[in-house]
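Trainee: So that we are looking at the same thing, I have put the structure below in structure tokens.
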Amino acid sequence: MNIKISGSITILKDSKTVFDFISNLEHDKLWRKEVNYTNVSGGSILNSIATEDSFLSKRVPSHILNLQCIELVENKLVAYQTLPDSKFFLKSIRKVESVSQNETRVLYSIEFDKGIVKHGLGFALPDFIINLAAKADMKKYLSKLKSIMEISIA
């Protein structure tokens with residue numbers, strides 16, 4: 015069974031700037047606390063392969079995940095998903111909607127195999143606890159993204 019979490023936030027930047035930032039997985043380490051680094055191979059975003067190294071726990075400080083861009087609507091939506099042979103499923107969808115010339119709504123959805131939590135911790139957690147933790151993380155991610163985009167990115 016997979017866990018599905020979504021969140022949204024409004025960022026005071028134009029939609030192209032926001033999309034360019036969130037569609038590049040190499041930036042994730044700046045706003046997603048568990049990401050150690052991400053390397054993207056391939057020329058264009060669509061069909062590119064991203065290798066993400068994440069800190070799951072002290073037990074698993076370096077978990078490698080390979081993601082492929084499976085959908086791209088330029089300056090609107092990008093979706094990444096684990097490769098079919100991956101041990102754990104993960105899908106990330108990032109959408110932007112222009113609210114005004116310099117205001118953008120970001121919608122971020124993630125679906126993941128709850129087995130990755132057991133892998134990281136060494137034991138299973140009830141779904142409601144995983145959901146609570148993932149929702150709390152989502153709020154932190156989006157808040158950090160907003161801060162980075164509004165303060166750091168010119």
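Under our numbering, residues 15 to 168 are what the sequence shown spells out, in order. A virtual CB, placed ideally from N, CA and C, is assigned to each residue, including glycine.
What does DSSP give as the partner residues of residue 115 in its beta bridges?
Mentor: Residue mapping note: residue 115 aligns to position 101 of the sequence shown, counting from 1. Its beta-bridge partners do not exist; DSSP assigns none.
Trainee: Just to confirm, are residue 128 and residue 144 a CB contact at a threshold of 7 angstroms?
Mentor: As a working note, residue 128 is residue 114 in the sequence shown. As a working note, residue 144 is residue 130 in the sequence shown. In this structure, residue 144 lies closer than 7 angstroms to residue 128 by Cβ.
Trainee: Does the Cβ of residue 99 have 16 or more other Cβ atoms within 10 Å, making it buried, or fewer, making it exposed?
Mentor: For the purposes of this step, residue 99 is taken as residue 85 along the sequence shown, with counting starting at 1. Counting Cβ neighbours within 10 Å, residue 99 comes out exposed, since fewer than 16 surround it.
Trainee: So, with DSSP's three-state summary, where would you put residue 48?
Mentor: As a first step, residue 48 is located in the sequence shown; it is residue number 34 there, counting from the start. It is coil, neither helix nor strand.
Trainee: Return the residue from the list 18, 27, 16, 87 that minimises the CA-CA distance to residue 115.
Mentor: Counted from its first residue, the sequence shown places residue 115 at position 101. Ranking 18, 27, 16, 87 by Cα distance to residue 115 puts 27 first.
Trainee: So, residue 105 versus residue 95, is the Cβ gap smaller than 7 angstroms?
Mentor: What you label residue 105 is simply residue 91 of the sequence shown in a count that begins at 1. What you label residue 95 is simply residue 81 of the sequence shown in a count that begins at 1. Yes, Cβ-Cβ distance for residue 105 and residue 95 is below 7 angstroms.
Trainee: Could you tell me which of 61, 60, 15, 113 sits nearest to residue 29, measuring between CA atoms?
Mentor: Along the sequence shown, read from residue 1 onward, the residue named residue 29 stands at position 15. Taking only the C-alpha atoms, the option nearest residue 29 is 113.
Trainee: Taking its Cβ as the centre, do 16 or more other Cβ atoms sit within 10 Å of residue 32, making it buried, or is it exposed?
Mentor: Working through the sequence shown from its first residue, we reach residue 32 at position 18. So residue 32 counts as buried.
Trainee: Please give the ranges of any alpha helix (DSSP H) in the region 22-94, keeping only runs that are unbroken, at least 4 residues long and fully inside the region.
Mentor: Counting only runs of 4 or more, we get 29-36, 42-45.
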